[in-house]
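Structure, as structure tokens:
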Amino acid sequence: PPMLALLLSLHTLGRSLAMASAERLAVPECVSRAGGWASAREHGGVSPGVGTEVREALERVLPVLRRAIANATQATSPEGLRAALSEVFRLVEEAWGMPAVGRDVAKVLCDVIRLEGGLDLLLNLLYTAELETKCQAGKLLEQILVAENRDRIARIGLGVILNLAKERDVPQLAQSISGILEHMFKHSEETCFQLISDGGLDTILYWCRWTDPAVLRHCAMALANCAMYGGQANQRLMIEKKAAEWLFPLAFSKDDELIRLHACLAITVLATNKEIEKEVERSGTLALVEPFIASLDPEQFAREMLGSSDNIQGRTAQDLQRLVPLLDSSRLEAQCIATFYLCTEAAIKARQKKTQIFSEIGATQSLKRIVCYSTSSTTSALAKKVLRMIGEEVPRRILPTVPNWKSCEVQTWLQQIGFNKYCQRFLDHQVDGDILLRLTEQELQKDLGMDSSITRKRFFRELTELKTFANYSTCDRSNLADWLGGIDPKFRQYTYNLLTCGIDRNFLHRVTEQQLQEDCHIHTGFHRVRILTAARETLHSPITLQTTSNGTDVFISYRRSTGSQLASLLKVHLQLHGFSVFIDVEKLEAGKFEDKLIQSVLSARNFVLVLSPNALDKCMVDPECKDWVHKEIVTALNSGKNIVPVTDHFEWPDPETLPKDMRAVLKFNGIMWSHEYQEATIDKIIRFLQGRSSRDSSAGSENGLDWKMLLAVLVELFYTVAVFYPAPQQISHGLCLQQELVNLSADHHTPTALAELPGAVPTHCWMQFQVALVSSYRSPLNTHWGFLQLLTLKYQEKVELMPRAGKGCSSWEQDHQCLLPTLLVRNHGHPDTNPCIPHPRLLNHLAEAAGSSSCLRRTESFQECLTNIATVLLVHEAEFPHVPELPVKHTTSINLPKA
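Under mature numbering (1 follows the signal peptide of the UniProt record, and there is no 0), residues -18 to -1, 1 to 881 are what the sequence shown spells out, in order.
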């Protein structure tokens, strides 16, 4: 024996040294598991066919990959570096796309990149490189974030990723950074917490309002990963940051079903957390899950996933393991989406011949239970499909009305739960549904011959599950079962015990704990306390008299084919501002649902009409008012609702083309939606909802009132500046304003950097401002430019707008607390253009600084006056004439304190 032990030790040591040598040669252990080396085949680790394919692929790819990594680390120019990164990306992308063995091959390549130093190189480039190289590095990093690489990122590179996430307005980076965050959210609960705390989740939620399908897909999957891997504490943080609300536009999307699926998965996982369940339900997103799943074909969906490079390999066993608790959840939405997801994965795994994975993760029994007990036909049908695809026996559905079962139904149930041995005993004693629900352990042991205590525990576990899912409607007049389920889904098991004792909801508060224990056989003391406490709270809860209408604040009407995304964004924005919103999730069928929809319009205080492209086309050929949008508009007009049209690339039709009963909607002022400046547009919509009617019969254009306000403020600003301007003689040339405009057009000053502008240029800009003021009726954009030019020069102290000293006057330059944020200006090189055209980002800063004060009242603060003007300009930015983009020759950034 000592000699045998010594030989075994030497053998183990030899194997360890061999593995260590392999690691020193930068060959990861997973290569052996993949079947690429003889040792794996000798131990039967991988089937010979798969091992051969993986080995051949690696022998072909690994030398090329190592050369590309070496070229990247030794590159001397940005172009050479990007070419090397592009080659690495191509190799990894091709590996992921290989059928059957793609995951094994790609896993090896990702490990080699890390071991060869490629991962650290990518992190360094994301921190220091210029934008184009950053984009290339981020694109590659997103592709190689397998588990081990995520570990390294979490240890040394999470700060780099979070810093990049703060650059959320850079479209070139958004796709890769959102993809990286998607992978990192499933690393660990600690990583999720850090990502949430340091702004990663905020960036994902900000991108949820974008229109780029690739970014939205990453956002939906990132939120799903955060919900599934983050744990309950991080789920609470997600709710606090309004993730449930921002999941609505993703789940409502019509462009990409993958976006909708993962958004529905995220909201469903959040709903299974009892602590936040109510908040999730209030978001309205949960109601989208079942209708969406019912509309899908899982096999067709699986084929679409196989056509996507990101999803061709399906999910790992660890990912699918997270779905099993959803199968066992009491929420129908959770069971529905989990079975659908597993159904699509079963189609993928069947092609890869890896269907055993479902038994390994424990999903098979849960799927069989759903087939037996689920009240949802959609969920039950999906569970049957999964079982057939993975080669499992499909059980028969159990009739839910257990109290009415005959002996034959009890026999069927015993066979399905694996108690065939006792079928004859139950039949001999004529055990029906009523007796089955009231069986005690003593009766089971003595009368039915179930002697083993372990066997009795197994039986009662199945019986408890049957009691929980049974339908008691034939004997439960007070709906006691659902009330108990509202306390805890498991408490439905006590329904029949209480009913057979003559206890209903109206009498439950009079029952004692002793009676629950002895008469109703509720043996768990804590359960008794919770039931009695809930019964007494219901008795003493105050009855609130509803003196006000139950209607919502806003009804959103939209054309589903083109306006669903904007409608969903409006819903989220308005909800976050405290409005209650009704939006029709699926256009309801005729009948009582039609009455419900019309009633929703009547009960709402405001009617927001989303006018997307071709939104009214069906109304034009609908004289009988059968179109849903037509019905909603007519109902809103007839009931005198405050109608607020919101237009998005919409062309107003000729009134004669619309039916007479809805032509009046054309008399309402529309608000033009801007995806870039959503907050500013929402602010204007809210002003209309809060009492300012959008009807303006005296104005021919939809913005007449605001342009009058704008002109009033500009005139006031002009008057103030003219009075306090220290040297008005500098602009007194004896020229009329029209002549100044001619002179200005012929002005050929050579543009220079703002810091080098000659002293005459402020006068030049001051004249331009006056001319622009007068010509604002004809060209609002002139006013816009002239005003911002004057503002820019003022903050560079090129123009002094008030005397620095004087009786009763204070210097605006000294009021540093109300300065606007950073001003970015462009200096274009064309002689016929303005010397300084404001950068579009300036508009965003001005809007963020703008207050809620009225533009019409006289303002003491120069900053307040400016921000009010900027807000109005910002809302109408899309109406300005298009300005062709010119090459940027110089950019000046002036960092000022925020207001």
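Cβ atoms here follow ideal geometry from the backbone N, Cα and C, with glycine treated the same way.
This one's a predicted model, so the numbers in the text were calculated from it and none came from an experiment.
### Message
Counting beta carbon pairs with one atom in the stretch 305 to 323 and one in the stretch 130 to 149, are three or more of them shorter than 8 Å?
### Response
No, because fewer than three Cβ pairs between the stretch 130 to 149 and the stretch 305 to 323 fall closer than 8 Å, the two stretches do not touch.
### Query
In angstroms, rounded to a whole number, what distance separates the CA positions of H509 and F234?
Along the sequence shown, read from residue 1 onward, the residue named residue 509 stands at position 527. Along the sequence shown, read from residue 1 onward, the residue named residue 234 stands at position 252. Their backbone Cα atoms lie some 40 Å apart in a straight line.
### Message
Quick check on F650: does DSSP put it in helix, strand or coil?
### Response
Mapped onto the sequence shown, residue 650 falls at position 668. Assignment of F650 by DSSP, reduced to helix, strand and coil, places it in the strand class.
#### Entry: Extent of the continuous beta strand (DSSP E) to which S359 belongs
Here the question's residue 359 lines up with position 377 in the sequence shown. DSSP places S359 outside any beta strand (DSSP E); the residue lies instead in the alpha helix (DSSP H), whose first and last residues are 359 to 371.
### Touching by the beta-carbon criterion (3+ pairs, under 8 Å), the stretch 588 to 601 and the stretch 631 to 646
Verdict: yes, contact present.
### Sub-8 Å separation of D630 and W655 beta-carbons
Taking the sequence shown and counting its residues from 1, the one referred to as residue 630 is at position 648. Taking the sequence shown and counting its residues from 1, the one referred to as residue 655 is at position 673. Result yes, Cβ atoms of D630 and W655 sit closer than 8 Å.
### Own chain residues within Cβ distance below 7 Å of S311, not counting five before or after
Sequence index remark: in the sequence shown, residue 311 carries index 329 (1-based). Same-chain partners within the cutoff: T254, Q317.
### Message
Our contact map puts Y478 next to P605 with C-beta atoms below 8 Å; I'd like the distance itself, whole angstroms only.
### Response
Counting from 1 along the sequence shown, the entry for residue 478 is found at position 496. Counting from 1 along the sequence shown, the entry for residue 605 is found at position 623. The beta-carbon separation of Y478 and P605, rounded to 58 Å, does not stay under the 8 Å limit for a contact.
### Task
Would you check if there are 3 or more beta carbon pairs closer than 8 Å linking the stretch 539 to 548 to the stretch 195 to 215?
With a cut-off of 8 Å, the stretch 195 to 215 and the stretch 539 to 548 do not count as touching, because too few Cβ pairs lie within range.
### Query
Cα separation between N145 and S179?
One-based indexing of the sequence shown puts residue 145 at position 163. One-based indexing of the sequence shown puts residue 179 at position 197. In this model, N145 and S179 are separated by some 13 Å (Cα to Cα).
### Task
Give the DSSP bridge partners of residue 888, in chain order.
No answer is possible for residue 888: it lies beyond the span of the chain, which begins at -18 and ends at 881.
#### Entry: Limits of the unbroken alpha helix (DSSP H) element including F589
Within the sequence shown, residue 589 is the residue found at index 607, counting from 1. Premise fails: F589 lies in the beta strand (DSSP E), 588 to 593, not in any alpha helix (DSSP H).
### Query
Should L521 be labelled buried (16 or more other beta-carbon atoms within 10 Å of its own) or exposed?
For the purposes of this step, residue 521 is taken as residue 539 along the sequence shown, with counting starting at 1. So L521 ends up on the exposed side.
### Query
Who are the Cβ neighbours of D414 in its own chain at under 7 Å, not counting the five residues just before and after it?
Translated into positions along the sequence shown, residue 414 becomes position 432. Taken in chain order, the residues that qualify are W387, K388, S389, V392.
### Task
On a CA-only basis, which of L314, I565, S341 is nearest L364? Give me that one, please.
As a first step, residue 364 is located in the sequence shown; it is residue number 382 there, counting from the start. Measuring C-alpha to C-alpha distances from L364 to each of L314, I565, S341 identifies L314 as the nearest.
### Task
Have a look at Q398, D501, S341, E374 and flag the residue whose alpha-carbon is nearest the alpha-carbon of C354.
Looking up residue 354 in the sequence shown gives position 372. The residue with the shortest Cα to Cα distance from C354 is Q398.
#### Entry: First and last residue of the uninterrupted beta strand (DSSP E) at N624
Here residue 624 corresponds to residue number 642 of the sequence shown, with the count starting at 1. 624 to 629 is the extent of the beta strand (DSSP E) around N624.
### Message
By the three-class DSSP mapping on this structure, what secondary structure does S460 have?
### Response
Reading the sequence shown from its first residue, position 478 is the one you call residue 460. In the structure shown, S460 sits in coil (DSSP, three-state: anything other than H, G, I, E or B).
### Query
R242: which of I221, C208, K260, S277 sits nearest, CA to CA?
By one-based count along the sequence shown, residue 242 stands at place 260. With distances taken between Cα atoms, R242 lies closest to S277.
### Task
With a cut-off of 8 Å on the beta carbons, I'd call D194 and A156 a contact; round off their distance for me.
On the sequence shown, residue 194 is found 212 positions in, with the first residue counted as 1. On the sequence shown, residue 156 is found 174 positions in, with the first residue counted as 1. Your pair D194 and A156 checks out as a contact, with CB atoms roughly 7 Å apart and the cut at 8 Å.
### Query
Thinking C-alpha only, which one of G622, G33, D486 is nearest D464?
As a first step, residue 464 is located in the sequence shown; it is residue number 482 there, counting from the start. Residue nearest to D464 within the set G622, G33, D486 is D486 (criterion: CA-CA distance).
### Query
Under 8 Å between the Cβ atoms of Y454 and L481?
Looking up residue 454 in the sequence shown gives position 472. Looking up residue 481 in the sequence shown gives position 499. In this structure, L481 lies closer than 8 Å to Y454 by Cβ.
### Message
Alpha carbons only, please: which of R379, I504, R407 is nearest the one belonging to F451?
### Response
To locate residue 451, count along the sequence shown from 1; it is residue 469. Comparing Cα-Cα distances from F451 to each of R379, I504, R407, the minimum goes to R379.
### Query
What are the boundary residues of the alpha helix (DSSP H) that S389 is part of?
Translated into the one-based positions of the sequence shown, residue 389 becomes position 407. For S389, the uninterrupted alpha helix (DSSP H) segment begins and ends at 389 to 398.
#### Entry: Run of the alpha helix (DSSP H) containing V611, from where it starts to where it stops
The sequence position of residue 611 within the sequence shown is 629, counting from 1. Looking at the DSSP string, the run of the alpha helix (DSSP H) that includes V611 is 610 to 620.
### Query
Closest by CA to D416, which one among Q424, T437, K449, Q334?
For the purposes of this step, residue 416 is identified with residue 434 of the sequence shown, where counting begins at 1. Closest in C-alpha terms to D416, from the list Q424, T437, K449, Q334, comes K449.
### Message
Please identify the residue among L514, S582, E239, G507 whose C-alpha is closest to the C-alpha of G533.
### Response
For this step, residue 533 is matched to residue 551 along the sequence shown. Answer by Cα proximity: S582.
### Task
Taking I504 as part of the beta strand (DSSP E), name the residues at either end of that continuous run.
As a first step, residue 504 must be located in the sequence shown, where it is residue number 522. DSSP places I504 in no beta strand (DSSP E); its state is neither H nor E.
### Query
Across which residues does DSSP place I538 in a beta bridge pair?
Translated into positions along the sequence shown, residue 538 becomes position 556. Per DSSP, the beta bridge partners of I538 are I565, V590.
#### Entry: Member of V626, I664, R587 whose CA lies at the smallest distance from the CA of K649
Locating residue 649 in the sequence shown gives position 667, where the first residue counts as 1. Residue V626 is the option with its Cα nearest to K649.
### Query
Within this structure, are the beta carbons of Y211 and K168 separated by less than 8 Å?
Residue numbering aside, residue 211 sits at position 229 when the sequence shown is read from its first letter. Residue numbering aside, residue 168 sits at position 186 when the sequence shown is read from its first letter. Contact flag set, yes.
### Three-state secondary structure assigned by DSSP to E315
Counted from its first residue, the sequence shown places residue 315 at position 333. The three-state secondary structure of E315, taken from DSSP, is helix.
### Message
Comparing C-alpha positions only, which one of K613, G652, K608 sits nearest to V628?
### Response
Within the sequence shown, the letter at position 646 stands for residue 628. The shortest Cα separation from V628 among K613, G652, K608 belongs to G652.
### Task
Would you decide whether F322 is buried or exposed? Buried here means 16 or more other CB atoms lie within 10 Å of its CB.
Here the question's residue 322 lines up with position 340 in the sequence shown. Counting Cβ neighbours within 10 Å, F322 comes out buried, since at least 16 surround it.
### Query
Buried or exposed: K260, going by 16 or more other Cβ atoms within 10 Å of its Cβ?
Numbered from its first residue, the sequence shown carries residue 260 at position 278. Burial call: exposed.
### Message
Please state the DSSP three-state secondary structure of A226.
### Response
As a working mapping, residue 226 is identified with position 244 in the sequence shown. It is helical.
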